[in-house]
Structure formats: structure tokens, C-alpha cells
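Chains as they are written, first to last, in my numbering: chain F, 2 to 215; chain Y, 2 to 215.
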């Protein structure tokens, strides 16, 4: 095994270290966040540090980098109170990745990368039309992570839009069928292959039986 | 498209809602957290709500459910100050899933599920011997998420252990080659297929060229 300690990690060149550390936490739920500013300018950003916070109430969080590094999305969320999260599918992966480029504030990534803004149900923030798993959130709390100047932004799920045929009988959403991708590191993207759904684990019931994928 | 609003979500049966909401945030980096209590009793837990916080300093966070629902891991981290995160590979997926069963406090999941505790480099918390991507963390901060009683637990990466052959020239770790799995919802597990690594996106350089997977 290769052993790497923190002194070595701190000595590395910035992009090498960023690649390495961004891989360690594992595969990530990369998605597009859609927002709008007070002048009606839409914004689209790629975020992979998204996390389930709880189901009741239904809360999802994401890490926003320090304001000077990534100002647009968090500023728009603060001013409008609303945003959307849109899964990235492999059918539009190249366009989605291009939305990570740093466009000036007055330019909408929608216009530049070839994805379509979509306004639904009177919700102020734009959805990505091409995404078949997407949801609207209302801002609940922005928690500063003081140790490195980032923010945990927590939203409540307001409305969900799903293509037909993805929702299973028990509430499970078949993201593999949706073609949702996951990411690794700074720039690697992956499709998935189901290994199965497992029974709720209990002490003494071992080995587990795989129920078969939904 | 199916449209589901929050009033409908709140009306659902608990497990149906949990399945649905746990799928919405996307594929997750499911891993095993290893801890030890003051009596020397090891503990192993399955956590899928793990998030990259930053690369410099190297920080990883996870969401711990409210104490009454999931007390052991967070209590051990608080008392010892250290813990490990160990990737789950499909070679031991059934054993890993079984570690999510609620064993009593005096029982170590290691003994019950067929995974091996391993102590390395004088680090107090146990690693999972079978895991080929694993790292030790020192507790930095526990941030309460007041809205639902959960906690964002943030650790600094102290030492990393990787099998030979996974680390690329630019710091990227090939998790697909490692056989690391990701999860969806409460109980679905997935292997991955690489779609490619993409160039750092810049305005005006479009369409992107895929560099090919590392």
C-alpha cells in the first residue's frame, strides 16, 4: 500500500493536491444549480458537493466555496431565496461540464453551453429543461464553515419533477435508468451499473439476501 | 413529467418518503466509518452522506443523524478525536451493508459482519483491512444543523492508505479500478463505468474535448 501523510499532502502542488483530495471522499452526486439574480439574469453552476441532510423535513445541502472564488450562485440564492438542483445525465454531459467555466457575471451559462432554462409552476429560479430529475428548493440556512471559509447551504425541497418510469413502488427513484451521472475528483464522470438493493440490515440476519435491483 | 410538491411529500408514509428524498440528491459516496470507544471497543458504521469540504487544508465532512438515532460513531469521535473512513468495494459489499444493522453498544460490527479491524501507524481508530482506499481523520469541528437535529462532523485528513496502481500522475485516484461503490437511496448500490475526464472548462472553448479516462 501507498501511505501518504498530511505533511506530504500539504507539500504538493495545488492542482495535484486538489485532484487527490477530491477523489478521496468517493463518487459524488454532481448536478447543476440554477439561480436568478435581481435583474432577471439566470445562472447555472456545476456542483458536486451535494449532501442529503434529512427526509422529514426534506432537506438537501451543498458546499459553496468562499465568496471570492464562487460568488454568483450563493449571492443569487440569498437575494431570491430560491434555487433549483438538476441532475446531469450522460446525454448532455459535455454541455453540463462547460457550465463550470468562469463566465462573467453578466453572462448566463445557459446561453453559452447549449442548455435550456425552463420556468415552471411559478417558481422564480430556472430549471434545466434537458434534466429529467430536478427539484426546486427554498433557502433555509447558510452555515459558515469557519475553518476554510466555505458555506453549507441548506434548502428545503419544494417541488420535484421526474420523468415517467423512474419512480418505483416504494419511493425509490431509478437514477441509473434516468442516466444520471456521478463524478470523481475534479473532472472525472461516470455512469453506473446496479449491484442490487439490499434488505434493511438487522443483527443476526446474515448473510444478507439481495432483493434484486428495482 | 411527474410533479410532486412538498405537501404531497409530507403526506407520505415514512419509509416511502425516506427512499424518495434519499434518491433525489443523487449517487452517494458510501463508506465505512471506523471508531473506538474509551473501553477499547471498536465500532463500524455505514455512512453515505459524506462530503468534500476543501483540499487545503484537506477536510472531509459527514452528516451524523440525531444522537438518539445514531449515537455510537459521533460519541466515539468526540471522546477519541479520531476516526477512519474506508471505501466500500463490491468485493465486500454484503458485509459492509450488514454493518448498518443496529447492534448493541457492547458489540463490535467488525466481529459480526466478517470485516477485519486493522490498526496502523499508531492511529487509535480502526481501519477496515479489506478496504484499499482509506484514510484517517482528526476531528476539527462538529457543527449542529439546528433545523433537523443532525450534525456536520468535519475532520482533517491525517494519513491516507491506497493500494498500488490507483494513483495517477496528476493526483487523480482511479476509484473505479479500486472497485469502490456508490449508493442511491436507502439500499441501492452501484458500480461505475468511466465516461471520461474532461478538460478544465473555460469560456469560449467549446465544444469540450474529452481527454479519455485516466
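Cβ coordinates follow ideal geometry from the N, Cα and C atoms, glycine included.
Check, Outcome
"Under 7 Å, CB to CB, which of the residues in the stretch 41-73 of chain F have a partner in chain Y?", "50, 51, 52, 53, 54, 55, 56, 57, 58, 59, 60, 61 and 64"
"Identify the contact partners of residue 176 of chain F in chain Y, using a Cβ-Cβ distance below 8 Å as the criterion.", "24, 27, 28 and 185"
"Between which two residues does the beta strand (DSSP E) holding residue 157 of chain F run?", "151-163"
"Check this for me: beta carbons of residue 24 of chain Y and residue 173 of chain F, under 8 Å apart or not?", "yes"
"For the stretch 127-156 of chain F, enumerate the residues whose C-beta is nearer than 8 Å to any C-beta of chain Y, in chain order.", "133, 134, 136, 141, 142, 144, 146, 147, 148, 149, 151, 153 and 155"
"I'd like the list of long-range same chain contacts for residue 43 of chain Y, defined as Cβ closer than 6 Å, with 5 residues on each side in sequence excluded.", "37, 109, 111, 118 and 127"
"Just the chain Y side, please: which residues come within less than 9 Å of residue 193 of chain F by C-beta, in chain order?", "28, 183, 185, 191, 192, 193 and 194"
"For a contact defined as C-beta to C-beta under 7 Å, what are the partners of residue 104 of chain Y on chain F?", "204"
"Which value, in whole angstroms, describes the spacing of the CA atoms of residue 150 of chain F and residue 195 of chain F?", "37 Å"
"Taking only the alpha-carbon atoms, compute the straight-line gap between residue 27 of chain F and residue 34 of chain F and give it to the nearest angstrom.", "21 Å"
"Checking the sheet assignment: what are the DSSP bridge partners for residue 65 of chain F?", "F:152"
"I want to verify the contact list: residues of chain Y whose CB lies under 8 Å from the CB of residue 160 of chain F, in sequence order.", "4, 5, 6 and 7"
"If you measure from the CB of residue 129 of chain Y, is any heavy atom of the ligand SAH nearer than 7 Å?", "Inclusion of the ligand SAH in the displayed structure is not the case, the ligand content being empty and no account of it being possible."
"As a quick exercise: from Y:6, Y:153, Y:133 and Y:21, pick the residue whose alpha carbon is nearest that of residue 93 of chain Y.", "Y:133"
"Would you say residue 21 of chain F faces chain Y, with C-beta separation under 8 Å as the test?", "yes"
"Quick one, are the C-beta atoms of residue 141 of chain Y and residue 116 of chain Y less than 8 Å apart?", "no"
"Can a CB atom of chain F be found closer than 8 Å to the CB of residue 165 of chain Y?", "yes"
"Return yes when the Cβ of residue 60 of chain F is within less than 8 Å of the Cβ of residue 148 of chain Y, no when it is not.", "yes"
"Using C-beta distances below 6 Å, list every residue in its chain close to residue 193 of chain Y, excluding the 5 sequence neighbours before and after it, in chain order.", "177"
"Going by DSSP in three states, residue 215 of chain Y sits in which element: helix, strand or coil?", "Low confidence applies here, because residue 215 of chain Y scores a pLDDT of 43, under 50, leaving its location unreliable; read the following figure in that light. In the structure shown, residue 215 of chain Y sits in coil (DSSP, three-state: anything other than H, G, I, E or B)."
"Here's a check: name, in chain order, each residue in its chain whose Cβ is nearer than 7 Å to the Cβ of residue 157 of chain Y, leaving out the five neighbours to either side.", "58, 59, 60, 138, 139 and 141"
"Could you give the first and the last residue of the continuous alpha helix (DSSP H) run that contains residue 17 of chain Y?", "15-25"
"I want to see whether chain Y comes within less than 8 Å of residue 10 of chain F, judged by CB atoms only; does it?", "yes"
"Pull the bridge partners of residue 44 of chain F from the DSSP assignment, please.", "F:36"
"I'd like to know whether the C-beta of residue 116 of chain Y is nearer than 8 Å to at least one C-beta of chain F.", "no"
"Is there a Cβ of chain Y sitting closer than 8 Å to that of residue 88 of chain F, yes or no?", "yes"
"Would you report the Cα separation of residue 197 of chain F and residue 175 of chain F, rounded to the nearest angstrom?", "12 Å"
"Buried or exposed: where does residue 123 of chain F fall if 16 or more other Cβ atoms within 10 Å of its Cβ makes it buried?", "exposed"
"Give me, in chain order, the residues of the same chain whose beta-carbon lies closer than 8 Å to that of residue 107 of chain Y; leave out the 5 immediate sequence neighbours on both sides.", "42"
"State buried or exposed for residue 215 of chain Y, treating a residue as buried only when at least 16 other CB atoms are found within 10 Å of its CB.", "Caution applies to residue 215 of chain Y, whose pLDDT of 43 falls short of 50 and renders its modelled position unreliable; the value that the coordinates give is listed next. Looking at its Cβ environment, which holds 16 or more other Cβ atoms inside 10 Å, residue 215 of chain Y is buried."
"Would residue 17 of chain F pass as an interface residue toward chain Y - the criterion being a Cβ-Cβ separation below 8 Å?", "yes"
"Report the residue ranges of all beta strand (DSSP E) runs contained in full by the stretch 54-104 of chain Y; include only those spanning at least 3 residues, in chain order.", "59-65 and 83-88"
"What are the boundary residues of the beta strand (DSSP E) that includes residue 182 of chain F?", "No beta strand (DSSP E) contains residue 182 of chain F, which DSSP labels as neither H nor E."
"Who are the Cβ neighbours of residue 146 of chain Y in its own chain at under 8 Å, not counting the five residues just before and after it?", "64, 152 and 153"
"Determine the extent of the beta strand (DSSP E) in which residue 139 of chain F is found, giving its start and end residues.", "134-146"
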